[in-house]
Amino acid sequence: MTAPARVAAFRALAAIAANHRDLPTALVETRRRLQDERDRSLAAAIVHGTLRWQRAFDYLIERVSARPLDSLDQDVLVILRLSLYQILHLDRVPSAAVVDDAVSLTRAAGKKSATGFVNAVLRSTLRQRRTLPLPARPDDPANREAALLYLGVTWSHPEWLVARWLDRVGFDSAEKWVQFNNEPAPLTLSVNRLRATRDEVRSALAQEGVECVDTRFAPHGLRVIEGNPLRRSGHDRFLLQDEASQLVPLVVDAQPGERALDLCAAPGGKTVIMSNDMDDSGVLAACDVRERRVALLRETIRQAGCQHAHPVHVPTEGALPFVSTFDRVLVDAPCSGLGTVRRDPDIKWRRHEPDLPALAERQLTLLQRAAGVVRPGGRLVYATCSSEPDENEMIVDRFLASQPAFHLVDLRRDGRADLAPVVDDRGMLRTLPFTHGLEAFFAAALQRAG
């Protein structure tokens, strides 16, 4: 009988490969199919790992099989990928069991004629696992072709993306970047200060066998070292949230008694931090354009106990439905998500360079809409979880060129000493994997005259 975790991982990866599901949705469905927590954990590890190393696996499959990738049945290709991940990256999984289950999966998928092929490719790879035919690190990193092969194939990233990073940050930093993206992301918590302090949450989790340490840059975050806090009580005292994401509300710097707007708020992590910063006073409008996301936002706000935060459904176009203006407005814009590849490796295969111009136009339009509800003297913050300038500083520059009433705030001189390590030479928040050990997030503060 094929291991349930491998069957579930195959179904998830097949749905992702066919563009029927994205990674988060596929993982939710996988958890529903599996009752045992160990199976859930293994299936998730297989799905994430297979997507992380997908390009390297495809390169190996072509060379070991001597067949072009586009000649292979998609289900067979998925089975080979997930099996190679287990053979090459999961030492605790016996290779013989992986191969046997791969053959069984192939047969169960209705590809009986391909069972011999799958068996041969996997066993051939096993024999040469110590000397895999992947591009070596170039002796001369200035050799662009060799550098792109190594960064893109051996470290499994799309060539267009590593080419951008190579040109922008150089070989050594690009190498650290792709290595960072292929590491499993840690579990990071944002403490809800309306319920408890960071020290209280850390101590309470320690009593339940969950070990945490303070986040390096976020002043109210915890990084989980051991254990699973989601199996414990007290979820109203913290939220799951990347450390880089926790830094964006520091740029907003919402104060007690103010009127604040979180325009693209779901699922609500930044909303809760802003509510904490405001001591749950004043007015905080938390918005989204989709009813389902507003419902998720409403539940996050309720569970956190934020009495002065109000979920609001807004239209996708036209003026925002507010008659008054706000002291602080956060536009956490929908973006490519290329800064979060470590946590969501599916993104690097779903996104393509031609996607960026259309995303940038929507981001600029959204920022211009938000500008209309910022009071004179108020602050507008533009943020993304993208690594690419097209969606970050280029949007800010285009906005400032069209909105003379706004100017860029230099966060180095803004009185937030805790932001200093993650602010660039123009005064904008920019976290980088090779510098800070964080996902690539961006935020800029724009002040309206008045």
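Taking my numbering, the leading residue of the sequence shown gets 200, the next gets one more, and so forth.
Ideal Cβ placement from N, Cα and C applies to all residues, glycine included.
Keep in mind the model is a prediction, meaning the values are calculated, not measured.
Endpoints, the beta strand (DSSP E) within which Ser389 is located
As a first step, residue 389 is located in the sequence shown; it is residue number 190 there, counting from the start. It spans 387-390 - the beta strand (DSSP E) in which Ser389 sits, taken as one unbroken run.
In chain order, what residues of the same chain have a beta carbon less than 8 Å from the beta carbon of Pro620, not counting five sequence neighbours either side?
The residue you call residue 620 lines up with position 421 of the sequence shown. Excluding positions up to five away in sequence, the list reads Phe416, His635.
Would the beta-carbon of Leu462 fall within 8 Å of that of Val530?
Stepping through the sequence shown from its first residue, residue 462 is reached at position 263. Stepping through the sequence shown from its first residue, residue 530 is reached at position 331. The criterion of a C-beta distance shorter than 8 Å is satisfied by Leu462 and Val530.
In angstroms with no decimal places, state the Cα-to-Cα distance between Ala643 and Ala403.
Locating residue 643 in the sequence shown gives position 444, counting from the first residue. Locating residue 403 in the sequence shown gives position 204, counting from the first residue. Looking at the two C-alpha atoms, the distance is approximately 36 Å.
Count the other CB atoms within 10 Å of the CB of Leu268; is the residue buried (16 or more) or exposed (fewer)?
Here residue 268 is taken as the residue at index 69 of the sequence shown, counted from 1. Leu268 should be labelled exposed.
According to DSSP, simplified to helix, strand and coil, what is Val275?
Position 76 of the sequence shown, counted from the start, is the residue given in the question as residue 275. Correct three-state label for Val275: helix.
Answer yes or no: do Thr229 and Ala242 have a C-beta to C-beta separation smaller than 8 Å?
Along the sequence shown, one-based indexing puts residue 229 at 30. Along the sequence shown, one-based indexing puts residue 242 at 43. Yes. Within cutoff.
What does a CB cutoff of less than 6 Å around Leu460 pick up in its chain, not counting 5 residues either side in sequence?
On the sequence shown, residue 460 is found 261 positions in, with the first residue counted as 1. Its chain contains Ala484, Phe525, Val528 as the residues whose beta carbon lies nearer than 6 Å to that of Leu460, once the 5 sequence neighbours on both sides are disregarded; these appear in chain order.
Using beta-carbon positions only, say whether Glu442 and Gly420 come within less than 8 Å of one another.
Within the sequence shown, numbered from 1, the residue matching residue 442 stands at position 243. Within the sequence shown, numbered from 1, the residue matching residue 420 stands at position 221. Contact annotation: Glu442 and Gly420 have beta-carbon atoms nearer than 8 Å.
Go through its chain and collect everything with a Cβ distance to Asp543's Cβ below 8 Å, but skip five positions before and after it.
Sequence index remark: in the sequence shown, residue 543 carries index 344 (1-based). These residues qualify, in order along the chain: Leu222, Pro223, Gly536.
Which of the three DSSP states is assigned to Ala465 in this structure?
Within the sequence shown, residue 465 is the residue found at index 266, counting from 1. It is coil, neither helix nor strand.
Check for me: the alpha helix (DSSP H) holding Gly315 runs from which residue to which?
Here residue 315 refers to the residue found at position 116 when the sequence shown is read from its first residue. 314-326 is the span of the alpha helix (DSSP H), which, as asked, contains Gly315.
Buried or exposed: Thr312, going by 16 or more other Cβ atoms within 10 Å of its Cβ?
Sequence index remark: in the sequence shown, residue 312 carries index 113 (1-based). Before going on, a small fix: residue 312 reads as Ser here, not Thr. Classification of Ser312: exposed, given that the 10 Å Cβ count is below 16.
Burial state of Leu579, where buried means 16 or more other Cβ atoms lie within 10 Å
Here residue 579 refers to the residue found at position 380 of the sequence shown. Leu579 is buried by the Cβ-count criterion.
Start-to-end residues for the beta strand (DSSP E) that takes in Pro510
Looking up residue 510 in the sequence shown gives position 311. That run of the beta strand (DSSP E) goes 508-512.
Okay, do the region 275-283 and the region 252-260 touch, 3+ Cβ pairs below 8 Å being the bar?
The region 252-260 and the region 275-283 touch, with three or more beta-carbon pairs separated by less than 8 Å.
What are the boundary residues of the beta strand (DSSP E) that includes His606?
The residue labelled residue 606 in the question sits at position 407 within the sequence shown. 605-607 is the extent of the beta strand (DSSP E) around His606.
Rounded C-alpha distance that separates Leu386 from Glu410
Position 187 of the sequence shown, counted from the start, is the residue given in the question as residue 386. Position 211 of the sequence shown, counted from the start, is the residue given in the question as residue 410. Approximately 11 Å, taken between the alpha carbons.
Close-in-space but distant-in-sequence residues of the same chain around Leu495 (CB under 6 Å, 5 per side omitted):
Locating residue 495 in the sequence shown gives position 296, where the first residue counts as 1. Ala465, Pro466, listed in sequence order.
Length of the line joining the Cα atoms of Ala296 and Arg492
Taking the sequence shown and counting its residues from 1, the one referred to as residue 296 is at position 97. Taking the sequence shown and counting its residues from 1, the one referred to as residue 492 is at position 293. If you take the alpha carbons of Ala296 and Arg492, they lie about 42 Å apart.
Counting only the same chain and skipping the five closest in sequence on each side, list residues whose C-beta sits under 6 Å from that of Asn381.
Translated into the one-based positions of the sequence shown, residue 381 becomes position 182. So the list reads Arg251, once near-sequence residues are dropped.
Rounded C-alpha distance that separates Ser372 from Glu516:
Numbered from 1 along the sequence shown, position 173 holds the residue referred to as residue 372. Numbered from 1 along the sequence shown, position 317 holds the residue referred to as residue 516. One C-alpha to the other measures close to 40 Å.
Determine contact between the region 594-611 and the region 620-629, defined as no fewer than three beta-carbon pairs at a distance below 8 Å.
Result yes; three or more Cβ-Cβ pairs closer than 8 Å.
Quick one: using the 10 Å Cβ neighbour count with 16 as the cut-off for buried, is Ala639 buried or exposed?
Within the sequence shown, numbered from 1, the residue matching residue 639 stands at position 440. Classification of Ala639: buried, given that the 10 Å Cβ count is 16 or more.
Quick one, which of Ser294, Gln567, Leu618 has its alpha-carbon nearest Ala600's?
Your numbering for residue 600 matches position 401 in the sequence shown. When each option's Cα is compared against that of Ala600, the closest is Gln567.
Leu365 and Ala346 closer than 8 Å at C-beta:
Counting from 1 along the sequence shown, the entry for residue 365 is found at position 166. Counting from 1 along the sequence shown, the entry for residue 346 is found at position 147. The answer is yes: Cβ separation under 8 Å.
What is the rounded straight-line gap between the Cα of Val447 and the Cα of Cys584?
Your numbering for residue 447 matches position 248 in the sequence shown. Your numbering for residue 584 matches position 385 in the sequence shown. About 10 Å.
As an exercise, report each continuous alpha helix (DSSP H) stretch of at least 4 residues that is fully enclosed by the region 217-294, in chain order.
Those alpha helix (DSSP H) runs which fall completely within the region 217-294 and span 4+ residues are 222-232, 236-251, 253-264, 273-288.
Unbroken beta strand (DSSP E) run spanning Leu421, endpoints:
What you label residue 421 is simply residue 222 of the sequence shown in a count that begins at 1. 420-425 is the span of the beta strand (DSSP E), which, as asked, contains Leu421.
Per-residue DSSP class, three states only, for Thr583
Looking up residue 583 in the sequence shown gives position 384. The answer is strand: DSSP assigns Thr583 an E or B state.
In the DSSP assignment, the beta strand (DSSP E) including Val412 goes from what residue to what residue?
On the sequence shown, residue 412 is found 213 positions in, with the first residue counted as 1. Here the beta strand (DSSP E) through Val412 covers 410-413.
Tell me the DSSP secondary structure of Phe521 in three-state form.
Locating residue 521 in the sequence shown gives position 322, where the first residue counts as 1. Looking at Phe521 - three-state DSSP - the assignment turns out to be coil, as it is neither helix nor strand.
Could you tell me the alpha carbon to alpha carbon distance between Ala255 and Arg550, rounded to whole angstroms?
As a first step, residue 255 is located in the sequence shown; it is residue number 56 there, counting from the start. As a first step, residue 550 is located in the sequence shown; it is residue number 351 there, counting from the start. Between the C-alpha atoms of Ala255 and Arg550 there is a straight-line separation of about 18 Å.
Between Ala604 and Ala648, is the Cβ-Cβ spacing less than 8 Å?
As a first step, residue 604 is located in the sequence shown; it is residue number 405 there, counting from the start. As a first step, residue 648 is located in the sequence shown; it is residue number 449 there, counting from the start. In this structure, Ala604 lies near Ala648, with their beta-carbon atoms less than 8 Å apart.
Can you tell which of Val540, Glu457, Cys534 has its C-alpha closest to the C-alpha of Arg574?
Mapped onto the sequence shown, residue 574 falls at position 375. For Arg574, the nearest C-alpha among the options comes from Glu457.
CA nearest to the CA of Leu287, picked from Ile594, Asn475, Gln273, Gly248
Position 88 of the sequence shown, counted from the first residue, corresponds to residue 287. If we check each option's Cα against that of Leu287, Gly248 comes out closest.
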